[in-house]
Each structure stands twice: as C-alpha cells, then as structure tokens.
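Taking it in order: structure first as structure tokens, then the write-up.
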Amino acid sequence: MHHGNRHGRSEQARLAVLEAADDLLVEHGFARLTVEAIAQRAGVAKQTIYRWWPSKTDLLLDAFLTDAAEELVPPDTGDLVTDLHVHLSNLARFLTNSDAGAVYRALTAESLHDPRLATRLRTEYLSAQRARDRLPLQRAVIRGHLPASTDLDALADHLVGPLYYRALITGEEIAPPYVEGLLASVLRGATAGPGMVQP
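Final position of the sequence shown in the UniProt record's numbering is 199; the numbers increase by one with none missing.
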C-alpha cells in the first residue's frame, strides 16, 4: 500500500502528474497544454493538481527540476576528462533530445515575459545545476589535476555555455565530435600548468 509523504501528497500520483506534463508538452506544446489534459492523462482530479501547483508553469518547472536533479549529476570516475565527457554528453542529450529538454526550452521561452518564472529558473535550476557542473572541477582541484587557482565558475561556464547556446539559440545539433572538441579546447588552457592532467 502506498503512503503519501509528509505534505499529504501521494508520491505515486505526483510522479504520474509530472510524467504526464512532460509527455503532453512534447505532444502539444506549451500553449495547448492544459491542466485538464494533464489530470486526465495522470488519472487524478484537476482540483488535486491545483492544490499542489498554482499553475501549469509551476507544474512544468517542478517536473523539470525533478528530471534535472535525477539526470544531470556528473559521475566520479577519478578521471577529470572522463567525468566531464560523460557529463557534457548527458547535458547535450538532456537539452536537445529528451522530454525534459523540451520542457526547459518551453519554460525558457515563457520566462522572457514572465519575470517570476525567470527568477525561479535562475534560483531553482541554474544555481543548483551550476553547483553540479562544478563537481568534477572541484574534485580535480582536490586531486591536483587542476591548479588551485582555477576559476571554477568561469571554467564551468566555458564548458556548458556553448551547449545551452546551441540548444536555446541556434538550434544546431550537439553531436559527439562537437562535445569532444569543446572539452579538449577548454581544458587545454585550464590544465596547462606543470603536472596538470591533459585532455
């Protein structure tokens, strides 16, 4: 028997709603997505959704944040280049070839005329994701594979920024050779010190 969490929500129902929101956004787009359709797909009452989320935007953001927290944690293999290659490849796929990426692109577009959403994306997604993006770099500094003076925020931005640019601005493909070339070019400068690991 399933037990609800401490907020009185059924976790099984909550996840069904989040999955339905992802699927329906991909099928119909943001403008045509309705809470009624999400409720029907998830098998819950519309009133239940409104009790948990004030709007479909809040619901989609919750779905996206859940997906990002599950899928965008870098591995820890002990090798900086391997960890970053896996992480950047996962991020590229997530942004361009997943339902969660479609949700993110829709939320980003919506945030252009919704200041509250723009603030929430920055504070609830980008800050948490930047911390995840820094993890391989922080571990590399501890291992002595990157100089202690490395600006980790700037280095993370150089690594992930081009992926977001292609996913959100140009719409260009992010193919494996692009990721490999990006990683090699960014790390070449960052790992140039004596004894530093080379890509």
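Just so you know, even glycine gets a beta-carbon here, dropped at the ideal spot from N, CA and C.
Return the first residue and the last residue of the alpha helix (DSSP H) that alanine 118 is part of.
115-120
Pair within 9 Å by beta-carbon distance, threonine 108 and leucine 168:
yes
At the level of alpha carbons, what is the spacing between tyrosine 50 and lysine 56?
9 Å
Can you tell me whether valine 73 is buried or exposed, with buried defined as 16 or more other CB within 10 angstroms of its CB?
exposed
Verify whether the separation of the beta carbon atoms of arginine 139 and leucine 88 is less than 9 Å.
no
Between the C-alpha atoms of glycine 144 and leucine 155, what's the straight-line distance to the nearest angstrom?
16 Å
Residue closest to phenylalanine 30, alpha-carbon to alpha-carbon, out of Ala100, Val179 and Ala92:
Ala100
Below 9 Å between beta carbons: does that hold for leucine 182 and leucine 146?
no
Tell me the DSSP secondary structure of aspartate 79 in three-state form.
coil
Count the other CB atoms, across all protein chains shown, that sit within 10 Å of the CB of alanine 131; report buried if there are 16 or more and exposed otherwise.
exposed
Which class does arginine 32 belong to by DSSP, given the choice of helix, strand or coil?
coil
Under 6 Å Cβ to Cβ from leucine 121, same chain only, skipping five residues before and after it: list those, please.
Ser111
Of all the options Leu61, Leu18 and Trp53, which has the alpha carbon lying nearest to the alpha carbon of arginine 41?
Leu18
Closest to histidine 28 by C-alpha separation, out of Asp157, Asp133, Leu152 and Ala102, would be which residue?
Ala102
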